[in-house]
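According to our numbering, the sequence shown holds residues 2 to 278 in order.
Think of the CB as a built atom: it goes at the ideal place given N, C-alpha and C, for glycine as much as any other residue.
The structure displayed is predicted, hence computed values, not measured ones.
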Amino acid sequence: MEPVGNWTYVRKVKWSEAIYLFLISTVIPFFVGIQIWSEISFTFSLILLNILQLPSIVLFYRSYLPHTVFKKRYLLFILCFFPFLIFYELNARLAALLLIHLPFIPVDYQNLLRSGHPELFEYGYFFNQTLGYTFLLLLTALALALIKELFKQQQKVYEIAYGKVKLELNHLKSQLQPHFFFNTLNNLYTLTLQHSPTAPLMIAHLSEIMRYIIYESESEQVSLEKEISFISKYIALEKLRFTDPEVIRLEIQGDPGGHQVEPLLFLLLKTALNMPR
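As structure tokens, this is what we get:
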């Protein structure tokens with residue numbers, strides 16, 4: 002099972018990408034179109050045009066930057082930048098050509114696209130797009146890539162910390178289990194010699210506890226209800242050693258349903274707090 006934080010990392014990346022793509026492909030073109038044209042159909046045509054240009058933007062922050070800048074291949078970034086601009090230009094021209102031939106696009110908007118001659122590369126000194134807007138768009142994509150890289154580094158730090166805690170927890174478990182069974186068997190031996198009526202009940206509790214430790218503790222997480230049931234049996238086993246049943250008390254508040262915890266977590270807390278044995 003992967004650390005819980007990994008899901009949070011994936012969710013952060015997906016939401017940041019979704020918000021960014023929605024802003025540059027829909028929100029910004031919508032407000033630009035509303036300011037320029039009175040025809041709402043023109044605005045939605047502009048939105049569709051920007052959506053069709055997203056592949057080059059996604060390629061920029063998902064592949065181009067991670068394989069160049071983020072791997073410190075700065076020379077490769079410089080050498081590949083002009084070919085990427087060509088790809089971006091081709092993507093934009095193909096999007097414009099597609100809209101020109103779509104039947105539901107307003108004719109006046111199609112004529113506007115035709116005036117840019119996206120099919121002819123000699124217009125606009127090869128680049129049909131506004132270079133200023135293109136670089137601004139790529140800068141925003143760079144910002145998104147940096148945010149994703151920050152999330153990635155945070156995830157690495159989390160995984161290192163998670164692994165360290167996991168290792169320490171497993172070490173505590175390995176120390177705890179033999180120690181617990183040794184003491185319990187000694188107590189059971191004493192009660193058996195005394196022909197104590199609590200010995201059979203102690204054996205029953207010990208059997209259930211052993212089954213939980215052997216099988217359930219191998220899982221990454223167990224339900225909180227199971228863990229509470231285990232610790233209740235453990236405390237019941239401890240109580241059999243004392244004449245005063247109130248020497249150890251267990252109180253549960255709230256609803257434990259629907260929660261997952263590390264197995265044997267509360268037993269480790271008990272050891273750390275030096276509960277009487």
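{"Item": "Residue of Phe32, Phe231, Pro257 minimising C-alpha distance to Ala205", "Value": "Phe231"}
{"Item": "Simplified DSSP state of Gln155, which is helix, strand or coil", "Value": "helix"}
{"Item": "DSSP three-state assignment for Glu18, whether helix, strand or coil", "Value": "helix"}
{"Item": "Beta-carbon separation (whole angstroms), Ile25 vs Thr141, contact threshold 8 Å", "Value": "7 Å"}
{"Item": "Alpha-carbon spacing of Leu238 relative to Glu160, whole angstroms", "Value": "37 Å"}
{"Item": "Continuous alpha helix (DSSP H) stretch holding Asp256: start and end", "Value": "Per DSSP, Asp256 belongs to no alpha helix (DSSP H) and is neither H nor E."}
{"Item": "Local Cβ density within 10 Å of Tyr126, reported as buried at 16 or more and exposed below that", "Value": "Legend: pLDDT at Tyr126 = 44, less than 50; position of this residue unreliable, value from coordinates given subsequently. Result: exposed."}
{"Item": "Beta-carbon proximity check, Leu55 vs Leu95, cutoff 9 Å", "Value": "no"}
{"Item": "Every unbroken alpha helix (DSSP H) within the region 53-84, with a cutoff of 4 residues, ordered by chain", "Value": "55-60"}
{"Item": "Leu145 versus Ser17 - alpha carbon distance", "Value": "7 Å"}
{"Item": "Spatially closest choice to Ile301 from Glu221, Tyr134, Leu86, by CA coordinates", "Value": "No answer is possible for residue 301: the residues shown for the chain start at 2 and end at 278."}
{"Item": "Of the listed residues Lys72, Lys234, Leu98, Phe122, nearest to Glu150 (C-alpha basis)", "Value": "Lys72"}
{"Item": "Start-to-end residues for the alpha helix (DSSP H) that takes in Gln36", "Value": "29-37"}
{"Item": "Segment limits, alpha helix (DSSP H) that includes Ile215", "Value": "200-216"}
{"Item": "Classification of Tyr213 by the beta-carbon crowding that lies within 10 angstroms, buried from 16 upward", "Value": "buried"}
{"Item": "Where Gln111 sits in the DSSP three-state scheme", "Value": "helix"}
{"Item": "Validate contact between the region 253-265 and the region 219-228 using beta carbons, cut 8 Å, 3 pairs", "Value": "yes"}
{"Item": "Contacts around Ser42, its chain only, beta-carbon distance under 6 Å, and the 5 residues preceding and following it disregarded", "Value": "Pro107"}
{"Item": "Nearest-angstrom Cβ-Cβ length linking Leu114 and Ala97, presumed shorter than 8 Å", "Value": "5 Å"}
{"Item": "Segment limits, alpha helix (DSSP H) that includes Ser233", "Value": "225-240"}
{"Item": "Residue from Leu91, Thr185, Phe136, Gln111 whose Cα sits closest to the Cα of Leu121", "Value": "Leu91"}
{"Item": "C-beta atoms of Leu100 and Tyr89 nearer than 9 Å", "Value": "no"}
{"Item": "Cα-Cα separation between Tyr163 and Glu217, rounded to whole angstroms", "Value": "20 Å"}
{"Item": "Residues that DSSP places opposite Val262 in a beta bridge", "Value": "Val223"}
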